[in-house]
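Residue numbers (this note's numbering): 549 to 833.
Have a look at this one:
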């Protein structure tokens, strides 16, 4: 079986919770993905960086859009047709995985320390910044090793004692900044503490893969199914029919073995009902 990441990259991910995959996407692929993300967000929101948080709600602000429709074929193919991410995620997680819907994103604010998944479910996030990112312009910052449960507990205890919780100057956290160029892809554990600071509107593409629990683990199947079924775009103002999550991707699975494998797992989790794949069936069939 072909390995998509080196032994060092895999072990770095497992030890520190992240790895920077330099040049994983070619120049041509990066241009295609940038064009799809830019065009899609502009189509859906009328521009880039439209979420300026007018109500002062805070949080990780930005324009978010599912990018699995037929009109974004390269992003659609990255879910499972292209083995680098689907099979690569299994290498990093050490087990089979199941995909989440990828997103086109234009971040418009800083983000505080957070993780991507709460429950004890293995997973990996792939993030591709589509413009150069440095410490001053919004590069991802991580706490290496914070995906480890024991270390995470110690960090939580440290945070609980931080004077910043009472409005005083805070204690420093030993973070690592991960600068990137277009074509680089960041892979980080779903439980790794990360944040970003600096820069204005930041264009990116991201997706996530969770560990496949297997049919023998009923509780794991329920948990992963619920995580993948969460509506991450509930409050977004785009046309949901024009930008579907799974429908068009699922309808095109026939003849693409890896996409069919991913679809079968999503069906077994109850995330993609069987009926959704009938959208392209000829009338009367």
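Backbone N, C-alpha and C define an ideal beta-carbon position, used for all residues, glycine too.
Take the Cβ of residue 554 as the centre, count every other Cβ of all protein chains shown within 10 Å, and call the residue buried at 16 or more, exposed below.
Along the chain shown, read from residue 1 onward, the residue named residue 554 stands at position 6. Classification for residue 554: exposed.
Starting from the Cα of residue 567, find the closest Cα among 749, 616, 637, 774 and give me that residue.
Taking the chain shown and counting its residues from 1, one reaches residue 567 at position 19. Ranking 749, 616, 637, 774 by Cα distance to residue 567 puts 637 first.
Whole angstroms are fine: how far does the CA of residue 651 sit from the CA of residue 617?
Working through the chain shown from its first residue, we reach residue 617 at position 69. Working through the chain shown from its first residue, we reach residue 651 at position 103. Taking the straight line joining both Cα atoms gives about 11 Å.
Tell me the DSSP bridge mates of residue 614?
For the purposes of this step, residue 614 is identified with residue 66 of the chain shown, where counting begins at 1. The partner list for residue 614 (beta bridge, DSSP) reads 651.
Using DSSP with H/G/I as helix, E/B as strand and the rest coil, what is residue 781?
Here residue 781 refers to the residue found at position 233 of the chain shown. Three-state result, residue 781: coil.
For residue 606, collect the residues of the same chain with a Cβ closer than 7 Å to its Cβ; drop the 5 residues on either side in sequence, then sort them by chain order.
In the chain shown, the residue the question calls residue 606 occupies position 58. Below a pLDDT of 50, predicted positions are generally treated as unreliable, and residue 606, at 47, falls in that range; no measurement from the model is reported.
Determine the extent of the beta strand (DSSP E) in which residue 735 is found, giving its start and end residues.
As a first step, residue 735 must be located in the chain shown, where it is residue number 187. Segment 733 to 737, the beta strand (DSSP E) holding residue 735.
With a CB to CB cut of under 8 Å and the five nearest residues on each side skipped, what residues in its chain are close to residue 672?
Counting from one through the chain shown, the residue named residue 672 turns up at place 124. Same-chain partners within the cutoff: 561, 637, 640, 641, 645, 735, 736, 737, 738, 756, 757.
Under 8 Å, with one C-beta from each stretch per pair, do the stretch 703 to 718 and the stretch 616 to 635 reach the 3-pair mark?
Because the criterion of three Cβ pairs below 8 Å is not met, the stretch 703 to 718 and the stretch 616 to 635 do not touch.
Using 10 angstroms around the beta-carbon of residue 595, count the other beta-carbons present and answer buried if the total reaches 16, otherwise exposed.
In the chain shown, residue 595 corresponds to position 47, counting from 1. Exposed, by the Cβ-count rule.
Residue 753 lies in the beta strand (DSSP E); which residues open and close that run?
Here residue 753 refers to the residue found at position 205 of the chain shown. Where residue 753 is concerned, the enclosing beta strand (DSSP E) stretches over 750 to 759.
Are the stretch 655 to 675 and the stretch 759 to 778 touching by the rule of at least three beta carbon pairs closer than 8 Å?
With a cut-off of 8 Å, the stretch 759 to 778 and the stretch 655 to 675 count as touching, because enough Cβ pairs lie within range.
Under a Cβ-count criterion, where at least 16 other Cβ atoms within 10 Å of its own Cβ denotes burial, should residue 559 be classed as buried or exposed?
Along the chain shown, read from residue 1 onward, the residue named residue 559 stands at position 11. Exposed, because fewer than 16 other Cβ atoms sit within 10 Å of the Cβ of residue 559.
Tell me the residue span of the alpha helix (DSSP H) that contains residue 583.
Mapped onto the chain shown, residue 583 falls at position 35. Residues 575 to 593.
With a threshold of 16 other CB atoms inside 10 Å of the CB of residue 504, please say whether the residue is buried or exposed.
With the chain running from 549 to 833 in the structure shown, residue 504 is simply not present.
Are the CB atoms of residue 766 and residue 726 nearer to each other than 8 Å?
Start at 1 with the first residue of the chain shown, and residue 766 comes out as number 218. Start at 1 with the first residue of the chain shown, and residue 726 comes out as number 178. No, Cβ-Cβ distance for residue 766 and residue 726 is not below 8 Å.
Identify the continuous alpha helix (DSSP H) that holds residue 636 and give its terminal residues.
The residue given as residue 636 occupies position 88 in the chain shown. From DSSP, the alpha helix (DSSP H) with residue 636 extends over 631 to 641.
Using the three-state DSSP reduction, which class does residue 693 fall into: helix, strand or coil?
Sequence index remark: in the chain shown, residue 693 carries index 145 (1-based). If DSSP states are grouped into helix, strand and coil, residue 693 belongs with coil.
Find the nearest neighbour of residue 703 within the set 792, 717, 680, 662, judged by alpha-carbon distance.
Translated into the one-based positions of the chain shown, residue 703 becomes position 155. Looking at the Cα atoms, 662 is the closest of the given residues.
By how many angstroms is the C-alpha of residue 664 removed from the C-alpha of residue 581?
By one-based count along the chain shown, residue 581 stands at place 33. By one-based count along the chain shown, residue 664 stands at place 116. Each residue's alpha carbon lies about 23 Å from the other.
Between residue 535 and residue 801, what straight-line distance do the alpha-carbon atoms span, to the nearest angstrom?
Residue 535 lies beyond the stretch modelled for the chain, which goes from 549 to 833, so this question has no answer here.
Within the continuous alpha helix (DSSP H) that includes residue 522, where are the two ends?
Coverage of the chain is limited to positions 549 through 833, which leaves residue 522 absent and any answer about it impossible.
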